[in-house]
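By our numbering, the letter at position 131 of the sequence shown is numbered 136, and the numbering carries on one by one without gaps. Backbone N, C-alpha and C define an ideal beta-carbon position, used for all residues, glycine too. Note that this is a predicted model, so its numbers are computed, not measured. For reference, the structure is listed below as structure tokens.
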Amino acid sequence: MGSLLRLLSLSLCLFLVMGGVRAEPAWALTEEQNLVAEVWRIVNRSYVDETFNHQNWWFTRQRALNRPLVNREETYRAIRDMLASLDDPYTRLLPPEQYRSLQTNTSGELTGVGLQITKDEDPGWLRVIAPIEGSPAEQAGIQPRDIVEAIDGVTTRDL
């Protein structure tokens, strides 16, 4: 019995050493696949509709990852398609240059004289709603309901 056990143990060791059981190599995601996966994670974590427009969101991820993501444009296309499946006009991909532009346009930095204005229908002048705090308009003493008749000598009537 002891020799049979030794023979089985030796056979098992040889089998393992000779490569009888091979571990498959782990496949790491490419940079492009990581971008798709990160977008998927953000939506998965934050999206309001927990049904993801009544679709299998995990399957949508897998379908996007299985596409040939050979460059950034292909990756963006896969992400856009993934997000389009949500059928939500407010969930979309902004490439870096558009995102930077959005940040600049919504950063709250002000330029100009610092007035909130509206069009006064009769007689057609611009009317001040309010000067912005700390702006040149406020420092000049402009008040709410003031009328702006001209800017640099150009009438504001019927602009």
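Strand pairing of residue i, partner residues [DSSP]
| i | result |
| --- | --- |
| T35 | Paired residue(s): none; T35 is not in a bridge. |
Reduced DSSP category for residue i - H, G, I as helix; E, B as strand; rest coil
| i | result |
| --- | --- |
| V153 | strand |
| V159 | strand |
| T56 | coil |
| L40 | helix |
| N49 | helix |
Cβ-Cβ separation, residue j to residue i (assumed contact under 8 Å), whole Å
| i | j | result |
| --- | --- | --- |
| R150 | W130 | So it is not a contact: roughly 11 Å between Cβ atoms. |
| T80 | L40 | 5 Å |
| A135 | V118 | So it is not a contact: roughly 13 Å between Cβ atoms. |
Separation of residue j from residue i, as counted between CA atoms
| i | j | result |
| --- | --- | --- |
| L89 | R97 | Inspection of the sequence shows that residue 89 is occupied by Ala rather than by Leu. Answer to the nearest angstrom: the Cα atoms are 8 Å apart. |
| E102 | T109 | 11 Å |
| G146 | P128 | 23 Å |
| A155 | L164 | 10 Å |
| R72 | I84 | 11 Å |
| T123 | R82 | 41 Å |
| E36 | N76 | 10 Å |
| V153 | E78 | 49 Å |
| W45 | I137 | 41 Å |
| V159 | L120 | 17 Å |
| W62 | N49 | 8 Å |
| Y52 | Q144 | 45 Å |
Min CB distance residue i to chain C below 7 Å
| i | result |
| --- | --- |
| L74 | Looking for chain C here will not work: only one protein chain is present. |
Let me know the beta strand (DSSP E) ranges lying completely inside the stretch 69-147, each 3 residues or longer, listed in chain order. 120-124, 131-136
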